[in-house]
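Okay, so here's the structure we're looking at.
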C-alpha cells in the first residue's frame, strides 16, 4: 500500500473500522490521522455516532455498577461461619 | 492503578493485630461479607475462589487493625484490599496459562455489516444500532436495568470479563493491565472492543429494545 492509499484509508474509515476506533479511543490515544478520519465519518454517520455514545454509556454504567443490585448472589451461610471461625482462630493466636 | 495493585504494600499495617476484640471482625463479616462476596464473584466467576478472596481480605484487614468512624469508610478500605487480592489472583492465573482470549466474539457481528462491494464494512441499515431512548442515564436508577446489566456481563467469558472489569469498572490503565497480565496491547484492545460489542448488543436486545 502506498502512502496515498494509506492516507485515504485512514481518512475514510468504514463503519466497522469507525466503531473499532471509537472503542480503542477509550483505551489509547488515536493517531492524528485516525482522529481526523473518525471525525469525518461520525459527522456523516448517525449509526456510528450513536454507537459511540452507547460505548460511553457502557463505561458510565460500569463505573456506577453497584454489586448490591445483583440480588441473587449472597455469601453462603457456611462460608460466612467458616470465615468467622477462621478470624477467631487468628485472633486467639 | 496506584499502589493498590502491589500486594506487598497492602493492607497498610499500621498497628499490630486488632486489640478491639472479637466483635469487630464478626461484625465485619455480617456487615460487609455479602457485598465483598458479590464484588469478588463478579470478577472471579467462581464461588469458592470468591470466598477465599473474601477470607484473605478479612485476615489482611485484621492484621491492618484499623478502626473507622464510618461504615462506608470501612467498606471502601475492605474493597481496596479485596481489589488487590483479585488482581493477585489474575496475575497468578496469567502466569499459568495465557490470559489472551481472541476466540470470543471473533466474528465481530460481521452479519450486521455489508460484506463487499461499494458499501463494504458499512452497517446494513436495518441492523444498525437502535436509539437507546433520549436519555439512557435514566436506566441507571432502575433495579431491572442493573439486573439485565449483570446478566449480560455474566455472559462474557472469564478472562474477557476480567479485563473489562479492570478497565471499565476499576479504571486501570491499559498499559498496566497488559504488563501485569502479559497481554499485548493490540490484543487487549481487541478483547475490550469485543467485550463492549457483546455487552452493547445484549443490552440492546434485552433492555433498550424492549422498552
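Protein chains in written order, with this note's numbering: chain A, 36 to 128; chain B, 16 to 226.
Each residue gets a CB set at the ideal place from its N, CA and C atoms; glycine is no exception.
Chain B places no beta carbon closer than 8 Å to that of residue 38 of chain A, leaving this residue out of the contacts. Nearest CB-CB separation between residue 96 of chain A and chain B: below the 8 Å threshold. DSSP lists B:128 as the bridge partner or partners of residue 138 of chain B. Within the stretch 53-87 of chain B, those residues whose Cβ lies closer than 7 Å to any Cβ of chain A are, in chain order, 53, 54, 56, 57, 66, 69, 70, 73, 74, 77. Along the stretch 184-210 of chain B, the positions whose C-beta sits under 8 Å from a C-beta of chain A are 184, 186, 189, 200, 203, 204, 207, 208, read in chain order. Contact between the stretch 116-123 of chain A and the stretch 176-189 of chain B is absent, with fewer than three C-beta pairs closer than 8 Å. By the beta-carbon neighbour count (other beta carbons within 10 angstroms, threshold 16), residue 71 of chain A is exposed. For chain B, the residues of the stretch 107-127 of chain A that bring a beta carbon within less than 7 Å of one of its beta carbons are 108, 109, 110, 114, 115, 118, 119, 121, 122, 123, 125, 126, in chain order. Of A:66, A:80, A:101, A:40, the smallest CA-CA separation from residue 136 of chain B is found for A:80.
8 Å or more divides the Cβ of residue 123 of chain B from the Cβ of residue 216 of chain B. Between residue 67 of chain A and residue 43 of chain B, the alpha-carbon positions lie close to 51 Å from each other. The C-beta of residue 225 of chain B has fewer than 16 other C-beta atoms within 10 Å across all chains shown, which makes the residue exposed. For the C-beta of residue 175 of chain B, not a single chain A residue is nearer than 8 Å; the gap to the nearest is close to 13 Å. Minimum Cα-Cα distance from residue 40 of chain B among the listed residues B:131, B:59, B:75 corresponds to B:75.
Contact check for residue 73 of chain A against residue 57 of chain A passes: the beta carbons are separated by less than 8 Å. Look at residue 141 of chain B: its C-beta is not under 8 Å from any C-beta on chain A.
For residue 119 of chain B, no alpha helix (DSSP H) segment is defined, and its DSSP state is neither H nor E. Judged by DSSP in its simplified three-state form, residue 225 of chain B adopts helix. A Cβ-Cβ distance of about 5 Å is found for the pair residue 222 of chain B and residue 163 of chain B, placing them in contact under the 8 Å criterion. Under the 10 Å beta carbon count, residue 190 of chain B is surrounded by fewer than 16 other beta carbons and is classified as exposed.
Interface flag for residue 110 of chain B against chain A is unset, since no Cβ pair is found closer than 8 Å.
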